[in-house]
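Its first residue numbered 8, the sequence shown is counted upward by one per residue in the working numbering. Virtual Cβ for every residue (Gly too), placed ideally from N, Cα, C. Inspection log for the structure reproduced underneath, given as structure tokens.
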Amino acid sequence: MRLVTKVTYLIQLICFIPVLPLLLTQAKRTKASAIQLPIAQGNTIFNTPDSQLSLLHIGESTVAGVGVTELKQGLTQGVINKLNQITQTSISWQVLAQNGATLSQLNQLKACFLEPDILLITIGVNDTSHFTSIKEWGVQIKQCVKRFAGPHTKVFFTQVPNMANFPALPFPLNQFLAIRSQLLDTELKTLCLSFHWHFIEAHLPIQKKWMAIDGYHPNQAGYQIWAEQISLGIAKHI
8 MRLVTKVTYL IQLICFIPVL PLLLTQAKRT KASAIQLPIA QGNTIFNTPD SQLSLLHIGE
68 STVAGVGVTE LKQGLTQGVI NKLNQITQTS ISWQVLAQNG ATLSQLNQLK ACFLEPDILL
128 ITIGVNDTSH FTSIKEWGVQ IKQCVKRFAG PHTKVFFTQV PNMANFPALP FPLNQFLAIR
188 SQLLDTELKT LCLSFHWHFI EAHLPIQKKW MAIDGYHPNQ AGYQIWAEQI SLGIAKHI
């Protein structure tokens, strides 16, 4: 079924060949006019000997908190807060993120938490826009788990955001990137099934009222909605 899905997406991408000059023009204009928001400020690690679980969250700009002022308003802290409520468990955590990074670049970072109980990985937008091949995407996903997870780590991947409704992206560029993002998402689902990792179908709430002023990242309300979906997905398996 997923093979059929991949073929369908590839056929859809081929249909964009006649408008490639327009897509390139739109991509350049969008990049030139984009509002550059900073990463969020605050502690990227919380560790206490009293904690019962450890969570390492790896990701791109959304994990770095772009769109909010402080990390406590962002995605990771939202996940931790909700998990604390659901499980009544104290959790140590680390944010390992880089704004604008592809997964291959994230795989070069060093974590303080070795063999965490929970490895949460939120990726895909930059690999979509940087045209990472499906083959390379799969290689880097496996490398990420190998590098940051231990033998007893529970691995969770969040769904690759569908870029069709990003307010900052014009038509038809948004549709082209949407198909690209869904190709990566389909491959991610396949790998999660093969290696018994957990795939969380948490949908980023892509509406203007939940997006930051750049039209590309969530605001605080958007992060909290997304975090609640992710935390519920994790809580089922811990």
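Query raised in the report: So, Ile-245 versus Leu-60, is the Cβ gap smaller than 8 Å?
Result: Position 238 of the sequence shown, counting from 1, holds the residue named residue 245. Position 53 of the sequence shown, counting from 1, holds the residue named residue 60. Cβ atoms of Ile-245 and Leu-60: closer than 8 Å.
Query raised in the report: According to the neighbour-count rule (16 or more other Cβ atoms, all chains shown, within 10 Å of its Cβ), is Gly-157 buried or exposed?
Result: In the sequence shown, the residue the question calls residue 157 occupies position 150. By the 10 Å Cβ count, Gly-157 comes out exposed.
Requested in this report: Would you kindly work out how many angstroms separate the C-alpha atoms of Met-8 and Ser-201, rounded to a whole number?
Outcome: As a position in the sequence shown, residue 8 is number 1, starting the count at 1. As a position in the sequence shown, residue 201 is number 194, starting the count at 1. Because the pLDDT at Met-8 is just 45, under 50, the model does not fix this residue reliably, and the value given afterwards should be weighed accordingly. Going from the Cα of Met-8 to the Cα of Ser-201 covers about 14 Å.
Requested in this report: Return the Cβ separation of Gly-145 and Glu-194 in integer angstroms, given the expectation that the two are a contact with Cβ distance under 8 Å.
Outcome: Residue numbering aside, residue 145 sits at position 138 when the sequence shown is read from its first letter. Residue numbering aside, residue 194 sits at position 187 when the sequence shown is read from its first letter. With 8 Å as the limit, Gly-145 and Glu-194 qualify as a contact, their Cβ atoms being about 6 Å apart.
Report task. Quick one: residues in its chain with C-beta nearer than 7 Å to the C-beta of Leu-116, no 5 flanking neighbours on either side, listed in chain order? Result -> Translated into the one-based positions of the sequence shown, residue 116 becomes position 109. Excluding positions up to five away in sequence, the list reads Leu-103, Gln-105.
Requested in this report: Following the continuous alpha helix (DSSP H) through Ala-71, name the residue where it begins and the one where it ends.
Outcome: One-based indexing of the sequence shown puts residue 71 at position 64. 68-71 is the extent of the alpha helix (DSSP H) around Ala-71.
Report task. Note down, in chain order, each residue of its chain lying with its Cβ closer than 7 Å to the Cβ of Gly-81, except the 5 sequence neighbours on either side. Result -> Here residue 81 is taken as the residue at index 74 of the sequence shown, counted from 1. Same-chain partners within the cutoff: Ala-47, Gly-72, Val-75, Tyr-230.
Requested in this report: Using the DSSP secondary-structure output, state which residues sit across from Leu-110 in a beta bridge.
Outcome: In the sequence shown, the residue the question calls residue 110 occupies position 103. Answer by DSSP bridge pairing: none, since Leu-110 is not bridged.
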